[in-house]
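To start, the structure under review is shown below, and the notes come after it.
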Amino acid sequence: MGREQGRPRRRRRKPWLGLLMRMLSVGWRRWLGRPVIPYKLTFEATRRCDCPCQLCKIWQEPKNPNELSTEEAARSITSLGPSLYWLNITGGEPTLRKDLPVIVKSAVRACRNLFLINMPLNGRAPERTESCLGQLTSENPEVLFQVTLSIDGIGERQSDLRGKGQAALTEETWRRLAALRCRRPNLRLSAQSTISRFNADQATALLEALAPRSDNYAIAFASDAEYYRNTGAGFAFNSGVQGALAVAKELAARYPVRWTEPATLLVKLFLYGEVRRLRGESTGVACSAGTATVTLKADGRVMPCLFKGEEDMGNVRQHGYDIPRILRTSRADETRRAVKTCEKCWINCEALPSMLLSPRGTLSLLQECCRFGRR
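Every position in the sequence shown, counted from 1, becomes a number in the numbering used here once 2 is added.
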């Protein structure tokens, strides 16, 4: 469909050469052990969530009065300036922040190289979700928005896993966002499935049903982590889950790669990384958390990733809302050294940037993919 009337036309940002140079710089400085300003920021917009999932207990947390204000969040994100190319907005449920469009608009205006914003959504409130994405895509046409809608089960299994009535709410949210995608060329819509012991039997069916509908179907594997408030719950999709390795192999083999969407190749290689982990092996990809990526928590703490709560680099409130200043401290250096050899998890938000920064490890996953495909 054509461009909507009355909306100012701004060209989409495509700073590929600049991103490549930033990646080379980040990799080189990491090898030398020098301070690094990442090209990707994960912003935990809020810990609030209205989706009572079985796998995650974030929705049970009380409202946190210590959440960054609109101005605090905007100042912190924009402090990265031209170094920021990729913004991952997560939660909780990001659309519960009514000021999210203000924060995003500030980031896009101040960070001239920011070209990609991705957001995982729970689809609990179709009208709210449509309104939020409609405003974001309209006000920031130069940025590509990649949104994923959490779909963990087919039919009523979705409601069993993600809350009463969620199957119908998810379908309505998808319908609204799919219609919006037709009107907004800067919106990409995909499903994301988290595979656990609760839905491993439907994993292949989910792939076959959702991949054709998605621009870039995402698959995650359940984790037990303090971030999800489910430590010790036994939800993790690991070697202790019956048939886990067979399920991961099947997903990796069947995952479709679209050459018009290069990110689908990274997702397929990510799945082969999970196969290696379930065999008890290393993925071969060094974690780039704290170097290629960094995380801003809802309460202002700066961390290498969402999952290492003990590795706090500092709080923006004590450093003038200046993330680069925090990243240049000796405390940040110590954290990066500790994270460099970490294999605590294999999560999409960190694994994909890590693969981009680890060509040797990524090539070994590609070789495994090719060998598996010939069997």
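Beta carbons: idealized from backbone N, C-alpha and C, even for Gly.
Query	Result
Determine the extent of the alpha helix (DSSP H) in which F309 is found, giving its start and end residues.	Careful: F309 lies outside any alpha helix (DSSP H) and carries neither H nor E.
Could you say which of R114, E63, P96 and W61 lies nearest to Y87 if we only look at CA atoms?	R114
Hey, out of L118, L102 and R36, whose CA is closest to L380's CA?	The requested residue 380 does not occur in the structure, where the chain is confined to residues 3 to 377.
Would P264 be called buried (16 or more neighbouring beta carbons within 10 Å of its own) or exposed?	exposed
For D217, tell me which candidate among G245, E228, F237 and L151 has the shortest Cα-Cα distance.	L151
Below 6 Å CB to CB, which residues in the same chain sit around Y229 once its five sequence neighbours on both sides are set aside?	L308 and F309
In the DSSP assignment, the alpha helix (DSSP H) including K42 goes from what residue to what residue?	First-last for K42: K42 to E46, but that is the beta strand (DSSP E), not the alpha helix (DSSP H).
L57 to N232, Cα distance in whole Å?	7 Å
Can you tell me whether T262 is buried or exposed? The criterion is at least 16 other CB atoms within 10 Å of its CB, across all chains shown.	exposed
So P326 packs on S81, CB below 8 Å; how close in whole Å?	6 Å
I431 lies in the beta strand (DSSP E); which residues open and close that run?	Beyond the ends of the chain as shown, which are 3 and 377, falls residue 431; an answer cannot be given.
Between the Cα of D52 and the Cα atoms of Q160, E63, W18 and T293, which residue gives the shortest distance?	E63
Fully enclosed by the region 330-373, which alpha helix (DSSP H) runs are 4 residues long or longer?	332-341 and 350-358
Roughly how many angstroms separate the alpha carbons of D101 and P17, rounded to a whole number?	27 Å
What is the DSSP secondary structure of Q148, reduced to helix, strand or coil?	strand
From what residue to what residue does the beta strand (DSSP E) around L271 run?	From DSSP, L271 is part of no beta strand (DSSP E) but of the alpha helix (DSSP H) over A265 to L280.
Using the Cβ count rule (16 or more neighbours within 10 Å means buried), how would you classify C372?	exposed
Indicate the three-state DSSP secondary structure (helix, strand or coil) for V304 in the structure shown.	strand
Going by the CB atoms, is the gap between S195 and A220 shorter than 9 Å?	yes
Starting from A222 and walking both ways along the beta strand (DSSP E), at which residues does that stretch end?	A220 to F223
May I have the straight-line CA-CA distance separating G35 from L365, to the nearest angstrom?	24 Å
Which same chain residues, not among the five before or five after L70, have their C-beta less than 6 Å away from its C-beta?	G302
Classify T293 as buried or exposed, calling it buried when 16 or more other Cβ atoms lie within 10 Å of its own Cβ.	buried
Which whole-angstrom value is the C-beta distance of I156 and A76, which I expect to be below 8 Å?	Incorrect: roughly 40 Å between the Cβ atoms, too far for contact.
If you measure between the beta carbons of Q148 and R185, is that distance less than 9 Å?	no
Residues in its own chain within less than 8 Å of C351 by CB, not counting five upstream and five downstream?	T44, N90, T92, T295, C307 and L308
Taking 8 Å as the cut-off, does the region 240-252 touch the region 312-331 (at least 3 CB pairs, one atom from each stretch)?	no
Quick one: what's W88 bridged to in DSSP?	K42 and L118
Is it buried or exposed, P67, if we count other Cβ atoms within 10 angstroms and call 16 or more buried?	exposed
Which value, in whole angstroms, describes the spacing of the CA atoms of V104 and R362?	40 Å
Using the C-alpha atoms, what's the distance from R24 back to P84?	10 Å
According to the neighbour-count rule (16 or more other Cβ atoms, all chains shown, within 10 Å of its Cβ), is L26 buried or exposed?	exposed
Would you mind working out which of V304, C344, K346 and P128 sits nearest R330, comparing C-alpha positions?	V304
Note the first and the last residue of the continuous alpha helix (DSSP H) segment covering L390.	Because the chain spans 3 through 377 in this model, residue 390 falls outside it and cannot be assessed.
Applying the 10 Å Cβ sphere with the 16-neighbour rule, what's the burial state of G4?	In this prediction, G4 scores a pLDDT of 44, lower than 50, which makes its location untrustworthy; the coordinate-derived value is nonetheless stated afterwards. G4 comes out exposed.
Taking the alpha carbon of T285 as the reference point, which residue from C344, E158 and S332 has its own alpha carbon closest?	C344
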